[in-house]
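Have a look at the structure below before the remarks.
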Amino acid sequence: MIKNFLGNRFGLYPTTRLMDGLKIYSLMIFLLIVGYIFFPLYQEHAEQQFVETFGIPILDVEVYQSYIFYSIIIILFIIILRWTIRNKFSFSNYVLHFCIRQAMNRSHFSLDNKETTEFNLTRYKPPKTKLKWDNKERKTGKLFIRNRSDIEKGLEKINLSSELNGYNVETNYLTADNCWYVYELYALKTAEKKTFETKDAFDQWSNEANQYELRLDDRTTQKLMNTVIVGKTRSGKTYGVMSLLFQMQLKPIKYNLFFIDPKNSDGKTLGLGFAKENTIYETGDGNFSDDVLQMVDKYYQKMIERQNELNELINGRMALDYTSYNLEPHFLFIDELPSLIEGMEKKKQDQLLNKLGIISKMGSGSGFFIILIAQKLNAKVLPKETQENMLNKIILGNAGNQTYMTAIDRVEDVPKKNYDIGEGIYIDDKMSKPRMVNFPYLKFVDNIKRLDDVLKKGVDNSGDTNKSDH
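With my numbering, the residue at position 291 of the sequence shown is 433, and numbering never jumps.
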């Protein structure tokens, strides 16, 4: 009856835990019936007759009822103790585990591991699950499900996100010993776009990262690395880059910035605001291509000087880089790289791409990075070797398949979502699948309108904090 009711009504099958629970609660109900219904009726109507006929002693009903009452209390105490230990004293943990078991129950792969009880009732034994949180706030964590050969394919394909209350599965993989499937979770509230009304609020948020890290959103903090930011018009690229630049400006160590903008647009505005002396843009004088090559060569020469400096400091020791000696990082921002490439002669294109390839390959260890900004990405714009050295790829908005293929190789790994402004995916050198990113909305920029005024206000509010003279 239980099997038919659950299976027909909810698509579920009784679990071992459910059946064991039914047995325990049935026992407690039976004891209550005996103690508080049968014993009083027996004492009132049949006790004297049984005593005279069979010599059964008179029962002290209150004593037996107290035995039954305390037995039930002990059983309930054991049940509650086991529940709290199993769920780590957290009701939300229980809810998540319950949702997970229900999801595995509804996906009938779990019936591959079933057994028939003594009542001829089919039930399944769900695999063991564990939850490990990355922080006390439970913003992110990992769900471990015990792998078995009979359910491995099911664990690989199961969609748990739809069943988890307030959480989403970002990626899943097998542990090295193939014993556990790991599902990385994040709280949906952490994926919501963060809005900063004031520069001070943004500063406080960004200061949670160290001097060689940048925050992308509430749950993602990255070390400095070569980055590609791709997105169509109004996808949020400018605000994303601006968020990174404001963070660089706040660091206790100087960030040396260089900007190239072939279209005289946002890249120029940002460059003149943050590093006026190191910004070039198309002025129509016919020398822009030469100016670009000259700046990239200047950046390259600085990188070589830094490498020579580092070699003397390291002196043959291993696993050390520019961060070990508190050296200043350098960033070369190139806005609209495809437009820049298309506007150059073939020979100059080759010179530029060759230098960018060398910098992307050799510069990270010495603190020299490139951030490329483009509306689309393909192999014609950026050679494959250089793409592989751009360890961090951020794609904002809804991009085309070619862009996804170029950046992450597998379109099917992109989370299916209608991405809003500032939303998208990212993948870095430590990830096998892309994850979602949601750059904050810098409302204080809209309120003040002019970038120069924002930068001036930031200095006025915090004293002389602009250590890098951007």
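Note that beta-carbon positions come from the ideal geometry of N, C-alpha and C, so glycine has one too.
Please classify residue i as buried or exposed, where buried requires at least 16 other C-beta atoms within 10 Å of its C-beta.
i	result
GLU350	exposed
GLU260	Per-residue confidence for GLU260 stands at a pLDDT of 40, beneath the threshold of 50, marking its modelled position as unreliable; no derived number is given.
VAL205	exposed
TYR546	buried
ALA318	exposed
LEU223	exposed
TYR467	exposed
GLY564	buried
ASP571	exposed
LEU455	exposed
ALA521	exposed
GLY415	buried
LEU218	exposed
LYS615	Missing from the structure shown is residue 615; the chain here goes from 143 to 612 and no further.
ARG159	exposed
ARG459	exposed
TYR323	buried
SER377	buried
DSSP on residue i, reduced to helix/strand/coil?
i	result
LYS522	coil
THR375	coil
ILE500	helix
PHE231	coil
LEU462	coil
MET161	helix
ILE293	coil
VAL556	coil
PHE581	coil
GLY566	strand
GLU451	helix
ASP342	helix
LEU330	helix
ASN307	coil
ASP571	coil
THR317	coil
GLY283	strand
ALA549	helix
THR380	helix
ALA245	helix
GLU484	helix
GLU350	coil
GLU527	helix
PHE261	Low confidence applies here, because PHE261 scores a pLDDT of 37, under 50, leaving its location unreliable; read the following figure in that light. Three-state result, PHE261: coil.
THR363	strand
Report, in whole angstroms, the separation of the C-beta atoms of residue i and residue j, which I expect to be a contact under 8 Å.
i	j	result
SER502	MET532	6 Å
MET384	VAL579	MET384 to VAL579, Cβ: 15 Å. No contact.
PHE430	GLY413	That belief does not hold up - the Cβ atoms of PHE430 and GLY413 are roughly 14 Å apart, past 8 Å.
LEU452	GLN493	That pair is no contact at about 26 Å.
TYR583	TYR381	7 Å
PRO480	VAL523	5 Å
SER508	GLN544	Not a contact, Cβ separation roughly 33 Å.
LEU273	ASN235	6 Å
LYS336	ASP359	7 Å
ALA417	GLU478	Not quite, the Cβ-Cβ distance comes to about 18 Å (not below 8 Å), so this is no contact.
ILE567	VAL556	6 Å
THR528	GLY485	In fact, because the Cβ distance is near 19 Å, the residues do not count as touching under 8 Å.
ASN310	TYR325	Rounded, the Cβ-Cβ distance is 10 Å, inconsistent with contact.
TYR423	LYS440	Actually they do not touch by this definition, with Cβ atoms about 16 Å apart.
Going by beta carbon distance, what residues of the same chain come within less than 7 Å of residue i, once the five residues before and after it are set aside?
i	result
LYS393	GLN353
LYS490	SER431, LEU435
ASN465	Per the sequence shown, the amino acid found at residue 465 is Thr instead of Asn. Closer than 7 Å at the Cβ level, and outside the excluded window around THR465, lie TYR354.
GLN364	GLU355, LEU356, LEU358, ASN534, ASP570
ILE281	For clarity, residue 281 is Lys in the given sequence; the question names Ile instead. Once the five neighbours on either side are set aside, the close Cβ partners of LYS281 are TYR328, ALA329, THR332, ARG361.
Might you give, ordered along the chain, the residues of its own chain that have their beta carbon closer than 6 Å to the beta carbon of residue i, omitting 5 neighbours on each side?
i	result
LEU482	PRO404
LYS518	THR545
ASN534	MET367, THR369, ASP570
THR421	PHE401, GLY413, LEU414
SER506	none
LEU387	PHE416
Who are the Cβ neighbours of residue i in its own chain at under 8 Å, not counting the five residues just before and after it?
i	result
PHE338	PHE344, TRP347, PRO582, TYR583, LEU584, LYS585, PHE586
THR271	HIS239, ILE242, ARG243, LEU285, PHE286, ILE287, ARG288
ILE214	MET170, LEU173, LEU174
CYS321	ARG288, ASN289
Sufficient close CB pairs (3 or more, under 8 Å) joining the region 437 to 446 to the region 404 to 413: no
Sufficient close CB pairs (3 or more, under 8 Å) joining the region 355 to 375 to the region 536 to 544: yes
Touching by the beta-carbon criterion (3+ pairs, under 8 Å), the region 326 to 344 and the region 456 to 475: no
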